[in-house]
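Enquirer:
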Amino acid sequence: MNEYATLAEYYDAIQFDADYKSYAAMARRVFRRYGVRGGTVLEVACGTGSLTLELAKLGYDMIGCDLSPDMLSVAQRRLEGIEPQPLLICQDMAELELWGQIDGAVCALDSVNYLTDIRRLRRMFRRLAKAMRPGGVFLFDIKTVAWFEELDGVSSVWEEDGWFAAWQYAYDRRACRALNAIDLFLEREDGTYERHSELHEQRGYALETFRELLAEAGFEVLDVYGDRKLNHYTTETGRLYIAARKGA
Numbered sequence: 000m001n002e003y004a005t006l007a008e009y010y011d012a013i014q015f016d017a018d019y020k021s022y023a024a025m026a027r028r029v030f031r032r033y034g035v036r037g038g039t040v041l042e043v044a045c046g047t048g049s050l051t052l053e054l055a056k057l058g059y060d061m062i063g064c065d066l067s068p069d070m071l072s073v074a075q076r077r078l079e080g081i082e083p084q085p086l087l088i089c090q091d092m093a094e095l096e097l098w099g100q101i102d103g104a105v106c107a108l109d110s111v112n113y114l115t116d117i118r119r120l121r122r123m124f125r126r127l128a129k130a131m132r133p134g135g136v137f138l139f140d141i142k143t144v145a146w147f148e149e150l151d152g153v154s155s156v157w158e159e160d161g162w163f164a165a166w167q168y169a170y171d172r173r174a175c176r177a178l179n180a181i182d183l184f185l186e187r188e189d190g191t192y193e194r195h196s197e198l199h200e201q202r203g204y205a206l207e208t209f210r211e212l213l214a215e216a217g218f219e220v221l222d223v224y225g226d227r228k229l230n231h232y233t234t235e236t237g238r239l240y241i242a243a244r245k246g247a
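Sequential numbering from 0 applies to the sequence shown in numbering that gives the first Met the number 0.
#1: DSSP state of S196, grouped into three classes?
#2: Are at least three pairs of beta-carbons, each pair with one atom in the stretch 43-57 and one in the stretch 80-87, less than 8 Å apart?
#3: Taking the straight line between their C-alpha atoms, what separation do you get for M123 and T39?
#4: Quick one: is M0 buried, meaning 16 or more other Cβ sit within 10 Å of its Cβ, or exposed?
#5: For Y64 versus L95, is the C-beta spacing smaller than 8 Å?
#6: Helix or strand or just coil, what does DSSP make of M0?
#7: Buried or exposed for P85, going by 16 or more other Cβ atoms inside 10 Å?
#8: On the DSSP letters alone, give me the boundaries of the beta strand (DSSP E) that E149 sits inside.
#9: With three or more beta-carbon pairs closer than 8 Å as the criterion, would you say the stretch 191-199 touches the stretch 220-227?
#10: Just to confirm my understanding: we take L239, look at its own chain, exclude 5 residues before and 5 after, and list those with CB closer than 8 Å. What are they?
#11: Can you give the beta carbon distance from A26 to V105, rounded, assuming they're within the 8 Å contact cut?
#12: Do T47 and A7 come within 8 Å of each other at the CB atom, strictly closer than that value?
#13: Consider the C-beta atom of A74 and the heavy atoms of the ligand GTP; say whether any pair is separated by less than 7 Å.
#14: Locate the alpha helix (DSSP H) running through M61, then write down its first and last residues.
#15: R31 to K129, Cα distance in whole Å?
#16: Whole angstroms are fine: how far does the CA of G103 sit from the CA of D160?
#17: What does DSSP give as the partner residues of L86 in its beta bridges?
#18: I need the straight-line Cα distance from Y9 to A243, nearest angstrom please.
Here's what the structure looks like:
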């Protein structure tokens, strides 16, 4: 199934609390802390381009890549008129291939958790390292195993005028796999609803796994944060922000 094929046009409404401005501000703070003052930044799994836009406003030359053509179509409309114009590429993040080198990279909103095969996660880190200049900084966030365990069995509904979406979460602790069944209901003119269903699969990884795979790819983990204010995390933190630097 093409994830986000139907949800693309409604994604931003569903992610109303994502606060891309604060994410961009955090990224700039981390970049500056570790020596990246500007240059070209790649957003891996850029989706509809909301974070790409905010980073472009901060002066970075942006590249966005995403596997979904539907999400990139929304991103292209959002980024019209931005100078310099961000480059959008339709690519699987595990098969990343760029021309030239980047100074920094971000991967937001637990997109990394979609790499449920550890071999693809390893390949993504290696390909990203190949595309990044020495000293470049990579910032990404992950959902922790604690987060997935807490949401196991939880359901929720989001309603808007003319449509609503329903989620049902399930987590297999033995396989560390999370399933998110999403049903989108679009109201027809006659008052009935057209249903679209998508199944999203993610995987929970231990923090040490990320440390090991990043090191294999040539990255040094600089810090791990528990929130966008760069505070420390605890064992119960549901989302971690990991900053890593490409070695010489």
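Think of the CB as a built atom: it goes at the ideal place given N, C-alpha and C, for glycine as much as any other residue.
This structure is a prediction, so every number in the text was calculated from the model and none was measured.
Expert: Per the coordinate set shown:
#1: strand
#2: yes
#3: 19 Å
#4: Note that M0 has pLDDT 44, beneath the 50 cutoff, so the model's placement of it is unreliable and the number below is only indicative. Per the 10 Å Cβ criterion, exposed.
#5: Note on identity: in this sequence residue 64 is Cys, with Tyr being the wrong assignment. Yes, the pair counts as a contact, with Cβ atoms nearer than the cut-off.
#6: Summary for M0: the model assigns pLDDT 44, below 50, so the residue's position carries little reliability, and this model does not support an answer.
#7: buried
#8: No beta strand (DSSP E) contains E149, which is instead part of the alpha helix (DSSP H) from V144 to L150.
#9: no
#10: D140, I141, T143, L206, V223, Y224, G225 and Y232
#11: 5 Å
#12: yes
#13: By its list of ligands, the structure shown contains no ligand whatsoever, and the ligand GTP lies outside what it can speak to.
#14: It is not in any alpha helix (DSSP H) - M61 instead sits in the beta strand (DSSP E) that spans D60 to D65.
#15: 22 Å
#16: 39 Å
#17: I62
#18: 32 Å
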